[in-house]
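J.: What follows is a single structure, and I will ask about it in a moment.
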Amino acid sequence: MSEPWDVESDDAIHRGPPVTVDRYGPGKRVNHWITACSLILLLLSGMALFHPSLFFLTGLFGGGQNTRMLHPWIGVVLFVSFYIFFFQLWKANLFTKADMGWFTGIRDVIGGHEERLPEMGKYNAGQKVIFWAMALLIIALIATGILIWDQYFYDYTPIETKRFAVLIHAVSAVLIICVFIVHVYAAIWTRGTIRAMTRGSVTGGWAWRHHRKWLRELAGRGRIDPAE
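Quick note: the sequence shown, position 23, residue 30 per the numbering used here, numbers continuous.
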């Protein structure tokens, strides 16, 4: 059985044909794309401010002054949107014993032999790593970003603290870029995943192949709509 929080109110099986499974409601999908767009804008504006060779990217935001003004506010949007998501999903992303089997069987994951692994709930171990990495890195970015936000906090942060904050901010930014690339690559690589965040549903075959425990839990709870 899945953990009790592994099934959300939006989740349901539709008999079809074809069988589809609701995975994300409209609110979660909109919030996901706000988070994604905010992160992309932050990466572009951050790179524009990071090195003179990338200053041309400020043209996307109307020049250097606008970029410097908008960058921290976009960070606030990212923080708020992600943590709305976080408080909805953190329990479903807690690690379980089955996740250790996923890690030790990573070769089977890469080779497309997930039938050899323990059955997964709504999120597999890799998705959970991405989730918690994003949560920690966004906290690091917003905390250090506030310390170097001179428009409002110049008088409250010593120069030594600012220097350290700039270093942590830059390292966190590089790490979150890496996490973002892995997240996007995994979504494209695992065929049928992207439609969960565009249509809100996945195919029954996708759910059975990748998140069988979650699908069994939905069926066991009677979360099945009649055939259409």
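Beta carbons are placed, not taken as given, at the ideal position from N, Cα and C, and that holds for glycine.
(1) Within the same chain, show all residues whose beta-carbon is closer than 7 Å to that of residue 156, passing over the 5 residues directly before and after it, in chain order.
(2) Give me the DSSP bridge partner(s) of residue 208.
(3) Taking the CB atoms as reference points, tell me whether residue 210 and residue 27 lie closer together than 8 Å.
(4) Might you give, ordered along the chain, the residues of its own chain that have their beta carbon closer than 7 Å to the beta carbon of residue 7, omitting 5 neighbours on each side?
(5) Here's the rule: buried if 16 or more other CB atoms are within 10 angstroms of the residue's CB, otherwise exposed. What is residue 52?
(6) Assign residue 3 to one of two classes, buried (16 or more other C-beta atoms within 10 Å of its C-beta) or exposed (fewer than that).
(7) When DSSP builds the beta bridges, which residues end up paired with residue 19?
(8) Going by the CB atoms, is the gap between residue 123 and residue 133 shorter than 8 Å?
(9) Excluding the 5 residues preceding and the 5 following residue 180 in the sequence, name in chain order all residues of the same chain whose CB lies nearer than 7 Å to its CB.
(10) Under 8 Å: do the stretch 81-96 and the stretch 203-221 share three or more Cβ pairs, one atom per stretch?
(11) Any contact between the stretch 16-33 and the stretch 194-208? By contact I mean 3 or more CB pairs, one from each, below 8 Å.
(12) Express the C-alpha separation of residue 145 and residue 128 in angstroms, rounding to a whole number.
T.: The short version:
(1) On the sequence shown, position 149 is the one that residue 156 refers to. Cβ within range, chain order: 79.
(2) Mapped onto the sequence shown, residue 208 falls at position 201. In DSSP, residue 208 forms a bridge with 29.
(3) As a position in the sequence shown, residue 210 is number 203, starting the count at 1. As a position in the sequence shown, residue 27 is number 20, starting the count at 1. Contact: yes.
(4) This structure cannot settle anything about residue 7, because the visible part of the chain is limited to 8 through 235.
(5) Taking the sequence shown and counting its residues from 1, one reaches residue 52 at position 45. Buried, because 16 or more other Cβ atoms sit within 10 Å of the Cβ of residue 52.
(6) Nothing about residue 3 can be reported from this structure: the residues present for the chain run from 8 to 235 only.
(7) Counting from 1 along the sequence shown, the entry for residue 19 is found at position 12. The partner list for residue 19 (beta bridge, DSSP) reads 29.
(8) By one-based count along the sequence shown, residue 133 stands at place 126. By one-based count along the sequence shown, residue 123 stands at place 116. Cβ atoms of residue 133 and residue 123: not closer than 8 Å.
(9) Taking the sequence shown and counting its residues from 1, the one referred to as residue 180 is at position 173. Same-chain partners within the cutoff: 53 and 148.
(10) no
(11) yes
(12) Working through the sequence shown from its first residue, we reach residue 128 at position 121. Working through the sequence shown from its first residue, we reach residue 145 at position 138. Using only the alpha carbons, I get a separation of about 25 Å.
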